[in-house]
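Notes follow once the structure below has been shown.
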Amino acid sequence: MDANIQKALNDKLYDKRKAGALELEAQVRDALASKDHDKIQRIVYQLCHEYAYAVHQPHARNGGLIGLAAASIALGSEVARYLEEIVPPVLACFSDQDARVRYYACESMYNIAKVAKGEILLYFNEVFDALCKLAADSEASVKNGAELLDRLVKDIVSESAASYVSILHHPEDAIDDDSALGESAAPSVDMPIAFSLPKFIPLLQERINVLNPFTRTFLVSWITLLDSIPDLELVSYLPSFLGGLLRFLSDPNQDVHTATQTALERFLSEIKKIARIKRGLAESRKSQGEEGKKSSRSSMKSGRSRSVQSSRDVEGDSEINVDDGQESLSEGTDSTTMNDRASGMTDGDWIPGQDVQIDYPKILETLVTYLSDSPEEEIQLTCLRWIDSFFEICPEDILLFVPRLLSHVLPAMANDIEQVRKILAINDATFPALLKTLSDPAESVVTRDLLLLSQISKNSDDSYFTSFMVSLLSLFATDRRLLETRGNLIIRQLCVSLSPERIYRTLADCLERDEDVEFASIMVQNLNNNLITAPELADLRKRLRNLETREGQAFFVALFRSWCHNAVATFSLCLLSQAYEQAYHLLQIFGELEMTVNMLIQIDKLVQLLESPVFTYLRLQLLEPEKFPHLYKCLYGLLMLLPQSSAFAALKNRLNSVSAIGYLHIAPRTAPTPTTSGFDRPNRLKSREGEGGIKWQELLEKFKQVQERARRAQRNAMLGIDESADGPGTGFQSGSSGLP
Numbered sequence: 001m002d003a004n005i006q007k008a009l010n011d012k013l014y015d016k017r018k019a020g021a022l023e024l025e026a027q028v029r030d031a032l033a034s035k036d037h038d039k040i041q042r043i044v045y046q047l048c049h050e051y052a053y054a055v056h057q058p059h060a061r062n063g064g065l066i067g068l069a070a071a072s073i074a075l076g077s078e079v080a081r082y083l084e085e086i087v088p089p090v091l092a093c094f095s096d097q098d099a100r101v102r103y104y105a106c107e108s109m110y111n112i113a114k115v116a117k118g119e120i121l122l123y124f125n126e127v128f129d130a131l132c133k134l135a136a137d138s139e140a141s142v143k144n145g146a147e148l149l150d151r152l153v154k155d156i157v158s159e160s161a162a163s164y165v166s167i168l169h170h171p172e173d174a175i176d177d178d179s180a181l182g183e184s185a186a187p188s189v190d191m192p193i194a195f196s197l198p199k200f201i202p203l204l205q206e207r208i209n210v211l212n213p214f215t216r217t218f219l220v221s222w223i224t225l226l227d228s229i230p231d232l233e234l235v236s237y238l239p240s241f242l243g244g245l246l247r248f249l250s251d252p253n254q255d256v257h258t259a260t261q262t263a264l265e266r267f268l269s270e271i272k273k274i275a276r277i278k279r280g281l282a283e284s285r286k287s288q289g290e291e292g293k294k295s296s297r298s299s300m301k302s303g304r305s306r307s308v309q310s311s312r313d314v315e316g317d318s319e320i321n322v323d324d325g326q327e328s329l330s331e332g333t334d335s336t337t338m339n340d341r342a343s344g345m346t347d348g349d350w351i352p353g354q355d356v357q358i359d360y361p362k363i364l365e366t367l368v369t370y371l372s373d374s375p376e377e378e379i380q381l382t383c384l385r386w387i388d389s390f391f392e393i394c395p396e397d398i399l400l401f402v403p404r405l406l407s408h409v410l411p412a413m414a415n416d417i418e419q420v421r422k423i424l425a426i427n428d429a430t431f432p433a434l435l436k437t438l439s440d441p442a443e444s445v446v447t448r449d450l451l452l453l454s455q456i457s458k459n460s461d462d463s464y465f466t467s468f469m470v471s472l473l474s475l476f477a478t479d480r481r482l483l484e485t486r487g488n489l490i491i492r493q494l495c496v497s498l499s500p501e502r503i504y505r506t507l508a509d510c511l512e513r514d515e516d517v518e519f520a521s522i523m524v525q526n527l528n529n530n531l532i533t534a535p536e537l538a539d540l541r542k543r544l545r546n547l548e549t550r551e552g553q554a555f556f557v558a559l560f561r562s563w564c565h566n567a568v569a570t571f572s573l574c575l576l577s578q579a580y581e582q583a584y585h586l587l588q589i590f591g592e593l594e595m596t597v598n599m600l601i602q603i604d605k606l607v608q609l610l611e612s613p614v615f616t617y618l619r620l621q622l623l624e625p626e627k628f629p630h631l632y633k634c635l636y637g638l639l640m641l642l643p644q645s646s647a648f649a650a651l652k653n654r655l656n657s658v659s660a661i662g663y664l665h666i667a668p669r670t671a672p673t674p675t676t677s678g679f680d681r682p683n684r685l686k687s688r689e690g691e692g693g694i695k696w697q698e699l700l701e702k703f704k705q706v707q708e709r710a711r712r713a714q715r716n717a718m719l720g721i722d723e724s725a726d727g728p729g730t731g732f733q734s735g736s737s738g739l740p
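The sequence shown begins at 1 in the UniProt record's numbering and counts up by one.
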């Protein structure tokens, strides 16, 4: 380097060092233009050994760092030839005691990597290791610099890690000749990829044992990134670092916990997807093999018939032809298998994930070990979730671990096998104990408890299921706090494990006969809110919107008779089922009811729900007033019931936005309501007596009776009168109570 540049790079002032670096950049550009590679080599050597490696001279080190960055910028794509000398001294500065040196090292490496791009992947392990240490640096400026460098390296890895081949590994003539480069790139199988996952995994195994939360977050972010690159197939190496990830779940830092849980869920989803793909391919090959056997048998039969005609020894010829047929069959099968392996599917499409190899036994070994050795609840629950999924993913591999699993999952039952059989008995003390566990403060315990109860119910007869639902309602009736805090969780979790329609039918049947009208109203309100909002009940909502079928009608009627305990819930059920005419008739009955604060609050919530995605179809139907005239009446009726509030304003704005359309179509006066009526859409539901349709008039009468009974119960409660003194006359069919 020129003497003035050497002096400037050694200066304690940053501005002078920067000026020297700019001069150096120009000098290197000139040398590159004149193809003076020897001079460039000497400059790089001087920067490394006289500056960047000057351990006890921080100003010189800083000058060397900015000088190496400037030289790299000047070299451009030619920097690949010199990275072997440039990168190590910069990495050495990452561990300097002076924070400013560490920061300038990050800055220098950032500029070098920006120029080198994919070539920096040859030094990925070294750069990653340095960044891993800097993630926990005490100086904020150093951490910020490291984060910038980290983002750049991640971008390079995302774009190039799966396929980039260093120009240093191309043939010499390919570097100078573009056409030769294209030809040499073709046999890329023989050229090593710059980024090597097998070389990186041992480093990850070593680093994943760290305790610092910042370093852990750094590691999880990199694991997530590498897993997002399909061609790398990081999931194949999961057994190498799964244990470390599981330990991260016990970290008190919420960011570490959340990031780790997300990464683990991603891996599990990926494993499930790969298992499904391979299962589908296996079934496809099996069906193809069966078709091949059939065609082979038919060809063997034709061969046999020809042999009989041309040979005197029928049996001998038949045996020969059978052998020939088997040989041709095996050849056909081999060719089919080869085609399947090459294409992945019968139509020739290759599916991502079909070639990924996952070591299930090693993963299970890790899961079972942490299930038994870790005292952390979160780790145990995660292991259980994974093991539960693996019963479907690889049942044959999990068989080997069943004895160890039983010893950990069922410790209380391991000594007495009779208890396992007792758990299925309705009257056994285990069942009440499981119901009592629903009040546990830990949500995860409640979820697992519900899963066990669901499994018992699923494998029992209908009487057991009904008993379970009745007991659950009884528990909610006696523990209202449980209903308020855990009611939605319990209902939704059960709907995931069991048939939602079966649950709702059984609960509705029990609530219809329930004597406690106040509890029945609260319970119906909870069930209705879940019916409208819960993702787990999307199929039920679709069924309710399809009242043309007998099954849909029967389900609607079962819910309606029970929903009568809660006026607003009954109205929303009609909206959900698109029974707008009947909903309008209900609103007319509302005018005869006492509008309590609770009813107004429920109507307010219903108006808010009308703006949700669940009721998108309803809002779109406002554009067709000629087809849905009673929908307008329903919504304007709600508007008349509401006091001036935010819900009133929201509904008014919604109706005003389509009012011009609505005024063009005046709904015709309806004739007196017959015994059985249809509603809005023509021929949607023509309920004739002999065809078992919905008898709307009976349902409306049922609604009036239940509401009248609720009114009397409320009045008697206020006056302190025993409800039985009123005697029958409310239309309530007493029968046997739905609760024990």
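From the three backbone atoms N, C-alpha and C, an ideal C-beta is built for every residue, glycine too.
In this chain, the alpha helix (DSSP H) harbouring Asn656 covers 646-656.
By the Cβ neighbour-count rule, Val597 is exposed, with fewer than 16 other Cβ atoms within 10 Å of its own. A residue is called buried when at least 16 other Cβ atoms come within 10 angstroms of its Cβ; Asp2 does not meet this threshold and is exposed.
Distance from the Cα of Val115 is smallest, within the candidate group Ala70, Leu246, Ser657, Leu197, for Ala70.
When the beta-carbon positions are compared, Ile363 and Leu238 come within less than 8 Å of each other. Take Val557, set aside five residues on each side of it, and the residues of its chain with a beta-carbon closer than 8 Å to its own are Ile694, Leu699, in chain order. Judged by beta-carbon spacing, Ile156 lies beyond the 8 Å limit of Ile271, meaning their Cβ atoms are not closer than that value. Distance from the CA atom of Leu638 to the CA atom of Glu283, rounded to whole angstroms, is 55 Å. Under the three-state reduction of DSSP, Thr217 is assigned to helix. Per DSSP, Tyr636 is one residue of the alpha helix (DSSP H) stretching across 629-641. For Arg102, the uninterrupted alpha helix (DSSP H) segment begins and ends at 99-116. The C-alpha of Asp129 is placed about 35 Å away from the C-alpha of Asp36. Between Ala8 and Ala19, the beta carbon gap of about 6 Å places them in contact (Cβ cut-off 8 Å). In the DSSP assignment, Tyr53 falls outside any alpha helix (DSSP H), carrying neither H nor E. Around the beta carbon of Ala649, fewer than 16 other beta carbons sit within 10 angstroms, so the residue counts as exposed.
The C-beta separation of Cys106 from Ala146 comes to about 5 Å, placing the pair in contact by the 8 Å criterion. Burial state of Gln578 is buried, judged by a 10 Å Cβ sphere holding 16 or more other Cβ atoms.
The stretch 111-126 makes contact with the stretch 76-94: 3 or more CB pairs, one atom from each, lie closer than 8 Å.
The continuous alpha helix (DSSP H) containing Ile5 extends over residues 3-9.
When rounded, the separation of the alpha-carbon atoms in Asn111 and Leu83 is 13 Å. Counting C-beta atoms within 10 angstroms of its own C-beta, Glu233 has 16 or more neighbours from the protein chains shown and is therefore classed as buried. DSSP, read as helix, strand or coil, puts Asp355 in coil. Three or more beta-carbon pairs separated by less than 8 Å are not found between the stretch 464-481 and the stretch 527-541, which leaves the two stretches without contact. Within the stretch 559-589, complete beta strand (DSSP E) segments of at least 3 residues are not found at all.
Per the coordinates, the alpha-carbon of Ala194 lies some 12 Å from the alpha-carbon of Glu159.
Thr466 sits in a helix when the DSSP states are folded into three classes.
With a cutoff of 8 Å on beta-carbon distance, Ala508 and Asp514 are scored as not near each other.
Under the three-state reduction of DSSP, Pro198 is assigned to helix. Spanning the alpha carbons of Leu472 and Asn488 requires a straight line of approximately 13 Å.
For Ser457, the closest C-alpha among the options Ser499, Ala477, Leu203 is that of Ser499. Taking C-alpha positions only, Gln288 is separated from Ser236 by approximately 29 Å.
Taking C-beta atoms as the reference points, Gln380 and Leu450 fail to come closer than 8 Å.
Setting aside the 5 residues that flank it on each side, Glu376 is surrounded in the same chain by Ser250, each with a C-beta closer than 6 Å to its C-beta; the list follows chain order. Put simply, the backbone Cα of His257 is about 13 Å away from that of Leu211. Secondary structure of Glu515 (DSSP, three-state): coil.
Around the beta carbon of Thr217, a 10 Å sphere encloses 16 or more other beta carbons of the protein chains shown; the residue is thus reported as buried.
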